[in-house]
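These notes are about the structure you will find just below.
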Amino acid sequence: MLRFSTAGESHGKGLIAFIEGIPAGLKVDIEEINSELARRQRGFGRGQRMKIETDTAEIISGVRHKRTLGSPITLFIENKDFQNWIPAMSPILDEVSKNSLTNPRPGHADLAGLMKYGVKDFRDILERASARETAAKVAIGAVCKIFLKEFGINVRSFILQIGNVTAKIKSFDGEKIWCDTESSVVRCPDKAAEKEMIKLIEKAASNGDTLGGKLAILVSNVVAGLGSHTQWDLKLDGKLAQSLIAIQAFKSVEFGEGTNFAELPGSLAHDEIFHDKKNGFYRKTNHAGGIEGGMTNGEPIFITCVLKPIPSLVRPLRSVDIFTKKPVKAEAVRSDICVVPAAGIVAEAAVSIEIAKALIEQFGPVCMKDIKNNYNLYVKRIKNI
Ligand code: EPS
92 MLRFSTAGES HGKGLIAFIE GIPAGLKVDI EEINSELARR QRGFGRGQRM KIETDTAEII
152 SGVRHKRTLG SPITLFIENK DFQNWIPAMS PILDEVSKNS LTNPRPGHAD LAGLMKYGVK
212 DFRDILERAS ARETAAKVAI GAVCKIFLKE FGINVRSFIL QIGNVTAKIK SFDGEKIWCD
272 TESSVVRCPD KAAEKEMIKL IEKAASNGDT LGGKLAILVS NVVAGLGSHT QWDLKLDGKL
332 AQSLIAIQAF KSVEFGEGTN FAELPGSLAH DEIFHDKKNG FYRKTNHAGG IEGGMTNGEP
392 IFITCVLKPI PSLVRPLRSV DIFTKKPVKA EAVRSDICVV PAAGIVAEAA VSIEIAKALI
452 EQFGPVCMKD IKNNYNLYVK RIKNI
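Throughout the sequence shown, residue numbering follows our numbering, covering 92 to 476 in sequence.
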């Protein structure tokens, strides 16, 4: 079984990523992990913090001479900003400052966390609720991406919408869309929409506001039959949805046509089945987004997600001081304007982890040689159906 977790506060010493269950013998190049971390840091609309950090991972365990050992892999990512937060974030010194945060931000974890954990300074909550944690998630996702590449599986994303600007995407076929996405500062392959998105982000910045949006994830070359229809918690779409909705600021996850299904009649909603010698079973449409009955059906997995605008506002909303109970403005803290482009990389990581989990569950967890043999036998079997 593949398991993972993360640890670390936004302005603490650093982040730890822990991943267990990656088979032995996978070649892991630290540069591939670091390039995913760098992708997450980019994007027009990021705030001052990204100028401080240059995220790189240090492998602490689980890899020897660039190959996984099958033992737990631990990665460490330093928070350079920690140096500016001593003693405020020191784990060993007594409290020195009385600058507690008492005006919770609407939309953030501040108030709910403060009530639940009985703290008097919501910094105790925001430090872990912060999307800084996504750097650790991306490092774990990078290891899973390397694993998935061994099976020819690619997990990629692009931005469909920022604020009220929507991209027009003509086709997912070929590499052009991915080249255009990677060269775009907002990771949007539609150049006209990109221009408008940049203008909108600039406008939001000058108004002290923030912007949300919508992103798409496409998993290509995924074998049919991952996940299972047999039990609710074995369904792959359920697992992917949980993994994605748990990312900071994510508010919806849709598969294929998603909410459009509400208005499509059954005759237009489903993907008719064809067969030929070259392709085996195949579809001419992909309304389902590559998953039927909780299992992959051999078509690309297509998921879209909506993010809310991040709730740290330079021009804060109304709130209430937790001690005086008097109306106040919410805490105004340093903030990103738009994190949608970066969120695409985090979503890729979340999806890569779940697909890797499904493959390992189905084909065996011990070493790359066994898992590849099992996988190849399975592919041969379903080709001959
Ligand atoms: C975040 C607030 C900002 C973001 C941060 C998430 O951090 P700071 O308060 O230090 O300016 O930059 O995201 C990251 C640090 C990151 O690496 O993505 C928040 O409140 O969620």
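For every residue, glycine included, the Cβ atom is placed at its ideal position computed from N, Cα and C.
Proximity of residue i and residue j at Cβ, strictly below 8 angstroms
| i | j | result |
| --- | --- | --- |
| S408 | A423 | The sequence as given places Leu at residue 408; Ser does not occur at that position. The answer is no: Cβ separation not under 8 angstroms. |
| I113 | V234 | yes |
| T145 | G153 | no |
| T147 | L128 | yes |
| V157 | K118 | Checking the sequence shown, residue 157 turns out to be Lys, not Val. Their beta carbons are under 8 angstroms apart, which means K157 touches K118 by this criterion. |
| L306 | I292 | no |
| L106 | E218 | no |
| A379 | D362 | yes |
| I364 | F372 | yes |
| I168 | A220 | no |
| E123 | I237 | yes |
| S403 | R196 | yes |
| I308 | V277 | no |
| D427 | G198 | no |
| N467 | G455 | no |
| A480 | I473 | This structure cannot settle anything about residue 480, because the visible part of the chain is limited to 92 through 476. |
| R140 | R425 | yes |
| E348 | L355 | yes |
| V430 | A108 | no |
| D201 | I216 | yes |
| R406 | D300 | yes |
| N194 | S358 | no |
CA nearest to the CA of residue i, picked from the options
| i | options | result |
| --- | --- | --- |
| S126 | I436, N467, V457 and S443 | I436 |
| M386 | H378, A449, G303 and V210 | A449 |
| K286 | F352, D362, R425 and K259 | K259 |
| F189 | R196, I183, A179 and I124 | Checking the sequence shown, residue 189 turns out to be Lys, not Phe. K189 has its Cα closest to that of A179, out of R196, I183, A179 and I124. |
| S96 | G103, K240, A441 and F454 | A441 |
| I231 | N465, I451, Q453 and S443 | S443 |
| S274 | S426, G371, R223 and R130 | R130 |
| I394 | D328, Q453 and E123 | D328 |
| V313 | E241, I428, F109 and E354 | E241 |
| P391 | A222, L251 and I446 | I446 |
| V457 | A353, G116 and D264 | G116 |
| G304 | L251, D264 and F346 | L251 |
| E111 | Y469, L468, I451 and Y466 | I451 |
| T257 | K326, D271, P280 and V276 | P280 |
| K326 | N475, D271, E266 and N388 | N388 |
| K211 | C429, K463, D412 and V431 | D412 |
| G209 | F414, K460, Q453 and K471 | F414 |
| V310 | T272, T350, F263 and V419 | F263 |
| N170 | K416, I462, A98 and S162 | A98 |
| P432 | T272, P163, E149 and L192 | T272 |
| K369 | N475, Q453 and Q333 | N475 |
| M459 | I268, K267, R374 and G161 | G161 |
| N255 | T350, P163, E266 and A284 | A284 |
Residues that DSSP places opposite residue i in a beta bridge
| i | result |
| --- | --- |
| K240 | According to DSSP, which records beta bridges pairwise, K240 is partnered with nothing at all. |
| T376 | Beta-bridge pairing links T376 to no other residue. |
| P418 | V411 |
| N245 | S311 |
| C429 | L302 |
| L166 | A108 and I150 |
| L327 | Looking at the DSSP assignment, L327 forms no beta bridge with any residue, so it has no partner. |
| D367 | G371 |
| E383 | M386 |
| Q252 | T257 and K305 |
| I392 | V310 |
| A353 | According to DSSP, A353 bridges with nothing at all. |
| G318 | M386 |
| S343 | V397 |
| A227 | Paired residues: none, contrary to the question. |
| F95 | I110 |
Three CB pairs or more closer than 8 angstroms across the region 389-400 and the region 334-343 = A contact is defined here as three or more CB-CB pairs under 8 angstroms, and the region 389-400 meets this definition with respect to the region 334-343.
query = Counting Cβ pairs, one atom from each stretch, are 3 or more of them under 8 angstroms apart for the region 237-248 and the region 287-296?
reply = Too few Cβ pairs lie closer than 8 angstroms, so no.
ask   = On the three-pair Cβ rule with 8 angstroms, is the region 425-436 touching the region 129-138?
value = Between the region 425-436 and the region 129-138 there are three or more inter-stretch CB-CB distances shorter than 8 angstroms, so the stretches are counted as touching.
ask   = Is the region 165-177 in contact with the region 99-116, if contact means three or more CB pairs nearer than 8 angstroms?
value = The answer is yes - the region 99-116 touches the region 165-177, with three or more Cβ pairs under 8 angstroms.
request  = May I ask you to verify whether the region 374-388 touches the region 316-323, counting CB pairs closer than 8 angstroms and requiring at least 3?
outcome  = Taking 8 angstroms as the limit for Cβ pairs, the verdict is that the region 316-323 does touch the region 374-388.
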